[in-house]
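S.K.: These protein sequence lines are chains A and B, in that order.
Everything in the first sequence is counted per this note's numbering, starting at 1 for the first residue and increasing by one.
Everything in the second sequence is counted per this note's numbering, starting at 1001 for the first residue and increasing by one.
For every residue, glycine included, the Cβ atom is placed at its ideal position computed from N, Cα and C.
Source: prediction; values computed, not measured.
Protein chains: 2
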Amino acid sequence: MPTIHDIADLAGVSVATVSRVLNHTGRVSDKTRDKINAIIKQTNYVPNQAARTLYQKRSGLIGVIIPDLNNPFYADVVTAIDATLQQSGYRILLAVNTGANQTKYDESIAAFEQNNVDGIISSDFSITPTNTPTKPLVLFNSGLIDDNINRVVVDNYSGGQLAAKTLIKSGAQKVVIQHGPLSLPPIRERFEGAVAALTHAHLDYEIQLVSDFTLDAARSAAEALFTTFHDFDAVIAANDIHALTIAQQAQANQIKIPQALQIVGFDGSLYAEVSQPSLTTVDQHASTVGTTAGEFIVDLIKHHSSAAHPLRLVKPSVRLRESTMPQ
Amino acid sequence: MPTIHDIADLAGVSVATVSRVLNHTGRVSDKTRDKINAIIKQTNYVPNQAARTLYQKRSGLIGVIIPDLNNPFYADVVTAIDATLQQSGYRILLAVNTGANQTKYDESIAAFEQNNVDGIISSDFSITPTNTPTKPLVLFNSGLIDDNINRVVVDNYSGGQLAAKTLIKSGAQKVVIQHGPLSLPPIRERFEGAVAALTHAHLDYEIQLVSDFTLDAARSAAEALFTTFHDFDAVIAANDIHALTIAQQAQANQIKIPQALQIVGFDGSLYAEVSQPSLTTVDQHASTVGTTAGEFIVDLIKHHSSAAHPLRLVKPSVRLRESTMPQ
DNA sequence: CTGAAAGCGCTTACAG
DNA sequence: CTGAAAGCGCTTACAG
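What follows is the structure, given as C-alpha cells:
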C-alpha cells in the first residue's frame, strides 16, 4: 500500500501539496494537481483513514445499534440509514444487540467511542442509555418523550387512532384491542390512541395483553383471543405477526374475514402483505425512520450537536387491504 | 477524552508502562499495574483505536457486504457474524448493497481498505469481486466453486436432493420443480440435485422457471403454475416465498394441502413457519453460515491468510412440516 | 521492571 | 503556489 510520501516522491512535490490535492483545500497549480491526480490513479493510492482520524478526530463512522435484524422494521431502518449515510460519505459500524441486552449495549457504545465514531444511532426499544456518549446521538423507536434527547419517533398515538378509525369507518361494532407491555412508551401511546378514538366514537371494546412479538406468543395469543372474548367483530392486533396469526386462527375456526371479523395490524411489514387474505395495517414507514435518523445525525455532526428541534416525527399511515371492509 | 499521556502523568510513570498494562505485555510490577488500572477505571480512559490502527496496521474491523437485509437469510447470517466476531473482539463495518450493484460493491471494498479492515466477508450472490482486495476475504452464498477463494457454501446440490427425496418418500407421483436463473451457481446446483434425485427414483417431473424471489414474481409464478401444468401432486418451490404463494394459490383453488398437493420450500425462513399450513422446507442454516464465516475470517487473520481448505461446507437439512405427507 | 525516542500516515498552521 | 515541521495518540524495539 503506497503512502502519501510515495505519491509525493513520485510527483516530486511535498506531502503537504499531495494532501491539499486530496482534500481540495488551499491553492495548487493545475499542472501539479493533474500530475498528482494521475499518480494517485495509477498507483491506486487510498489515504489511510486511521491517520486522518487520529489528526482530525473524525472517522466518518456512525455507530448503529439495533436489537433484531429479523424484525422487518429494523431491517428497513438499517437499510435506509446505510443508503442515507453513504450519500454523505459515512459508513455504518453495526452492533446487533440481540434481546436488547444492557451490557452488550454499553459495550457497543464503548467500542464506538474507541473507534472514534462521529455519531451514534440507536434503537431505544427497552434499553436505557446509561453513561450518555460524548458523541451526537439519535434515538429512534422510542416514545414521544420530551427530555431533549434527539429522537426520531413514529407518532404511535396517531397510529393507534388510525387503526381504530379504520375500523370505525368500516362499520365495526365491538373491537378487541391487543397490546404489548405498556411499560414501553411506544406501545402505551399506540394503545392510548386506539382507546381514545374508540371512546370518542362510543364504540364498545375489550383489551387483550400479549407478552411479546414472537411467533409463539402470537400463536397462543390468537388462540386465547377466540376462547376468552366473544361477540367481537374486529381486532386491533399488537403488530403484524399477531395480526397474521389471528387471521390464521380465524380461518381455522371458519370465521370469514373481513365479513365476520376485521383485522388491523401494526408495522407495515411484509407479513401483512404476504398473508392470505392480505392484512390492513398501520405502516410505521420504517425506511422514512431510517432516512430521517441518517439525515438527523449528519445534521448534528455538521452543526456540532444540539438540534433546535430534538424531535423529528414520522407519521404512520394506513394500508387498506383485504382484512377490513372497503371504506 | 484523556489520552495515554494523561494516565501516565497521573500515575507518575511513562506512557510505555501504561501501554504495557493496556496490552498485557512485558513485565510490570503488581504495584504500578494496580495503580495504573485504578486510574484507567476512574478516568474512564479508552485507548484511541485510530492511533493503534495507524501503528499496528490492524483495526479490529471486518467489512461485511450483503445485498438485502429484508431477506431473512441475510438477516440471520449478519446476526450470526456479529455475535461470532464480537467474541473475538472484532466489529462489523456494514455495507448493504441493495440490488447487488457492482459499483457500490467496489466502493464498499475501497472504503473497507481505507478503513484498514482486517478482513472482508461478502455475499457472492450475483456479484463479481473485481480487483481482489488485499485483505483476507471470505465469500458466502456462492456456488461450490473450486477457484481457491475462501468460501462458506451451502451444499445446494444436496439441498435439491433432499427436497426431492422428501417428496419421493411421501409418495409424490408427479413433481414440478421451480427454479430461478440457472446462471447463478447455487440455483443451478440446487436444481441439478433435485433433478438427479427424481431421475434416480424414476419419478416424472416438469420444470418452471421463475424470474426472481420478490413477492410479485412469486405470485405470478404461483398463478402460472396452476394454469400451465396439470396432474402434478407436488412442487419443489424456488424458495420459501414461492412456496408460500403456491400454498395460498392452492387454497384459493380449493386444492387440499398436502393430500392433493405437497409443497417443499427452500430457505428455512420464518415465512415457512408462519404459513398456514406450515411449510416443509430445506433449511440452509443461515446462522451456521454466519458463524462459520465469522470463524473463518478470524482464522485467516490469525494465520496470515491462506487457508488449508478454502471451502467450508454447510449441510442443509429438511424441516418437515404440514405441507408434505407424514413420512 | 521502567523510560526515552522513533515512527505509524496523515493534516494544518506557519513561512516563504 | 509550495515546503518544512509539528503533532494527532498510540506501540515497540532499544537501553538501562
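Keeping to the same chain, check which residues put their C-beta closer than 7 angstroms to that of Asp1082(B); ignore five residues upstream and five downstream.
M.R.: Along the second sequence, read from residue 1 onward, the residue named residue 1082(B) stands at position 82. Contacts found: Ile1092.
S.K.: Return yes when at least one heavy atom of the ligand GTP lies under 7 angstroms from the C-beta of Ile1120(B), else no.
M.R.: Annotation note on the ligand GTP: not contained in the displayed structure, which lists no ligands.
S.K.: Start and end of the alpha helix (DSSP H) containing His1005(B)?
M.R.: By 1-based counting over the second sequence, the position of residue 1005(B) is 5. Bounds of the alpha helix (DSSP H) holding His1005(B) are Ile1004 to Ala1011.
S.K.: Roughly how many whole angstroms lie between the Cα atoms of Ser1278(B) and Arg1188(B)?
M.R.: Start at 1 with the first residue of the second sequence, and residue 1278(B) comes out as number 278. Start at 1 with the first residue of the second sequence, and residue 1188(B) comes out as number 188. Their backbone Cα atoms lie some 26 angstroms apart in a straight line.
S.K.: Alpha carbon to alpha carbon, how far is Ile1004(B) from Asp1146(B)?
M.R.: Numbered from 1 along the second sequence, position 4 holds the residue referred to as residue 1004(B). Numbered from 1 along the second sequence, position 146 holds the residue referred to as residue 1146(B). Between Ile1004(B) and Asp1146(B), the C-alpha separation is close to 48 angstroms.
S.K.: Identify each residue in the segment 1258–1283 of chain B for which the Cβ-Cβ distance to at least one residue of chain A is less than 9 angstroms, and report them in chain order.
M.R.: Residues Leu1270, Tyr1271, Glu1273, Val1274, Ser1275 and Gln1276.
S.K.: Let me know the secondary structure DSSP gives Ser1088(B) once reduced to three states.
M.R.: Sequence index remark: in the second sequence, residue 1088(B) carries index 88 (1-based). Reduced to three states, the DSSP call for Ser1088(B) is coil.
S.K.: What is the rounded straight-line gap between the Cα of Gly250(A) and the Cα of His179(A)?
M.R.: Taking the first sequence and counting its residues from 1, the one referred to as residue 250(A) is at position 250. Taking the first sequence and counting its residues from 1, the one referred to as residue 179(A) is at position 179. For the record, residue 250(A) in the displayed sequence is Ala; it is not Gly. Looking at the two C-alpha atoms, the distance is approximately 19 angstroms.
S.K.: Measure the CB-CB distance between Gly1160(B) and Ala1194(B) and report whether it falls below 8 angstroms.
M.R.: In the second sequence, residue 1160(B) corresponds to position 160, counting from 1. In the second sequence, residue 1194(B) corresponds to position 194, counting from 1. Cβ distance < 8 angstroms, so Gly1160(B) and Ala1194(B) count as in contact.
S.K.: Under 8 angstroms Cβ-Cβ, which residues of chain B neighbour Leu215(A)?
M.R.: Residue mapping note: residue 215(A) aligns to position 215 of the first sequence, counting from 1. Result: Leu1270, Glu1273 and Val1274.
S.K.: According to DSSP, Arg20(A) sits in a beta bridge with which residue or residues?
M.R.: Position 20 of the first sequence, counted from the start, is the residue given in the question as residue 20(A). Answer by DSSP bridge pairing: none, since Arg20(A) is not bridged.
S.K.: Would you say Leu1069(B) and Ala75(A) are within 8 angstroms of each other, going by their C-beta atoms?
M.R.: Position 69 of the second sequence, counted from the first residue, corresponds to residue 1069(B). Position 75 of the first sequence, counted from the first residue, corresponds to residue 75(A). Going by C-beta atoms, Leu1069(B) is nearer than 8 angstroms to Ala75(A).
S.K.: Would you say Asp106(A) reaches chain B, if we count a Cβ-Cβ gap shorter than 8 angstroms as a contact?
M.R.: To locate residue 106(A), count along the first sequence from 1; it is residue 106. Not an interface residue.
S.K.: Measure the alpha-carbon distance for Thr53(A) versus Arg1033(B) and round it to whole angstroms.
M.R.: Here residue 53(A) refers to the residue found at position 53 when the first sequence is read from its first residue. Here residue 1033(B) refers to the residue found at position 33 when the second sequence is read from its first residue. If you take the alpha carbons of Thr53(A) and Arg1033(B), they lie about 29 angstroms apart.
S.K.: Assuming contact is defined by CB atoms lying nearer than 8 angstroms, are Pro1181(B) and Gly1143(B) in contact in what I supplied?
M.R.: Reading the second sequence from its first residue, position 181 is the one you call residue 1181(B). Reading the second sequence from its first residue, position 143 is the one you call residue 1143(B). Contact flag unset, no.
S.K.: First and last residue of the beta strand (DSSP E) that includes Ala1234(B)?
M.R.: As a first step, residue 1234(B) must be located in the second sequence, where it is residue number 234. Start and end: Ala1234 to Ile1236.
S.K.: By how many angstroms is the C-alpha of Leu225(A) removed from the C-alpha of Asn253(A)?
M.R.: What you label residue 253(A) is simply residue 253 of the first sequence in a count that begins at 1. What you label residue 225(A) is simply residue 225 of the first sequence in a count that begins at 1. Rounded to the nearest angstrom, the two C-alpha atoms are 12 angstroms apart.
S.K.: Answer yes or no: does any C-beta atom of chain B fall closer than 8 angstroms to that of Ala369(A)?
M.R.: Chain A is shown only over 1 to 327; residue 369(A) falls outside these bounds and no answer can be derived.
S.K.: Assuming Thr281(A) and Ser170(A) make a contact with CB atoms under 8 angstroms, what is their CB distance in whole Å?
M.R.: In the first sequence, residue 281(A) corresponds to position 281, counting from 1. In the first sequence, residue 170(A) corresponds to position 170, counting from 1. About 14 angstroms separates the two Cβ atoms, so there is no contact after all.
S.K.: Taking Cβ positions, are Val1274(B) and Ala1238(B) nearer each other than 8 angstroms?
M.R.: Here residue 1274(B) corresponds to residue number 274 of the second sequence, with the count starting at 1. Here residue 1238(B) corresponds to residue number 238 of the second sequence, with the count starting at 1. No, the pair does not count as a contact, with Cβ atoms beyond the cut-off.
S.K.: Can you give me the Cβ contacts of Ser19(A) inside the same chain, cut-off strictly under 7 angstroms, excluding the 5 residues immediately before and after it?
M.R.: The sequence position of residue 19(A) within the first sequence is 19, counting from 1. Counting only Cβ-Cβ distances below 7 angstroms, and skipping sequence neighbours, we find Ile4.
S.K.: Are three or more beta carbon pairs between the segment 60–67 of chain A and the segment 103–114 of chain A nearer than 8 angstroms?
M.R.: yes
S.K.: If you check the beta carbons only, do Ala247(A) and Ile263(A) fall under 8 angstroms apart?
M.R.: Here residue 247(A) is taken as the residue at index 247 of the first sequence, counted from 1. Here residue 263(A) is taken as the residue at index 263 of the first sequence, counted from 1. Contact: yes.
S.K.: Cutting at 8 angstroms between CB atoms, please list the residues of its own chain near Asn1116(B), excluding the five before and the five after it.
M.R.: The residue given as residue 1116(B) occupies position 116 in the second sequence. Around Asn1116(B): Thr1053, Lys1057, Arg1058, Ser1059 and Leu1061.
S.K.: Quick one: which chain B residues come within Cβ less than 7 angstroms of Glu113(A)?
M.R.: As a position in the first sequence, residue 113(A) is number 113, starting the count at 1. Within chain B, the residues near Glu113(A) are Val1046.
S.K.: Could you list the residues in the segment 1187–1217 of chain B with a C-beta less than 7 angstroms from some C-beta on chain A, going in chain order?
M.R.: Leu1215
S.K.: Closest Cβ-Cβ distance between Leu1094(B) and chain A: below 8 angstroms?
M.R.: Within the second sequence, the letter at position 94 stands for residue 1094(B). So yes, Leu1094(B) belongs to the interface.
S.K.: So, are the CB atoms of Ala1260(B) and Asp1233(B) less than 8 angstroms apart?
M.R.: Here residue 1260(B) corresponds to residue number 260 of the second sequence, with the count starting at 1. Here residue 1233(B) corresponds to residue number 233 of the second sequence, with the count starting at 1. Going by C-beta atoms, Ala1260(B) is nearer than 8 angstroms to Asp1233(B).
S.K.: Using CA coordinates, which residue listed in Ala8(A), Asn101(A) and Ile168(A) is at the minimum distance from Ala196(A)?
M.R.: On the first sequence, residue 196(A) is found 196 positions in, with the first residue counted as 1. For Ala196(A), the nearest C-alpha among the options comes from Ile168(A).
S.K.: Pull up the distance between the alpha-carbon of Thr1079(B) and that of Leu94(A), whole angstroms please.
M.R.: Locating residue 1079(B) in the second sequence gives position 79, where the first residue counts as 1. Locating residue 94(A) in the first sequence gives position 94, where the first residue counts as 1. So the alpha carbons of these two residues sit roughly 10 angstroms apart.
S.K.: Measuring straight from C-alpha to C-alpha, what distance separates Thr292(A) and Val1021(B)?
M.R.: Counted from its first residue, the first sequence places residue 292(A) at position 292. Counted from its first residue, the second sequence places residue 1021(B) at position 21. Those two C-alpha atoms are separated by around 43 angstroms.
S.K.: Give the C-beta separation of Asn1141(B) and Asp1124(B) to the nearest angstrom, bearing in mind that I take them to be a contact with Cβ-Cβ under 8 angstroms.
M.R.: As a working mapping, residue 1141(B) is identified with position 141 in the second sequence. As a working mapping, residue 1124(B) is identified with position 124 in the second sequence. Yes, Asn1141(B) and Asp1124(B) are in contact; Cβ-Cβ is about 6 angstroms, under 8 angstroms.
S.K.: Applying the 10 Å Cβ sphere with the 16-neighbour rule, what's the burial state of Asn1097(B)?
M.R.: For this step, residue 1097(B) is matched to residue 97 along the second sequence. Buried, by the Cβ-count rule.
S.K.: Using only CA atoms, which one of Val1175(B), Pro1047(B) and Tyr1205(B) lies nearest to Val1345(B)?
M.R.: In the structure as shown, chain B begins at 1001 and stops at 1327. Residue 1345(B) is therefore absent and cannot be evaluated.
S.K.: Is the separation between the beta-carbon of Val152(A) and that of Phe266(A) shorter than 8 angstroms?
M.R.: Within the first sequence, numbered from 1, the residue matching residue 152(A) stands at position 152. Within the first sequence, numbered from 1, the residue matching residue 266(A) stands at position 266. Cβ distance not < 8 angstroms, so Val152(A) and Phe266(A) don't count as in contact.
S.K.: Does Asp1231(B) have its Cβ less than 8 angstroms from a Cβ in chain A?
M.R.: Within the second sequence, numbered from 1, the residue matching residue 1231(B) stands at position 231. No, Asp1231(B) does not count as interfacial toward chain A.
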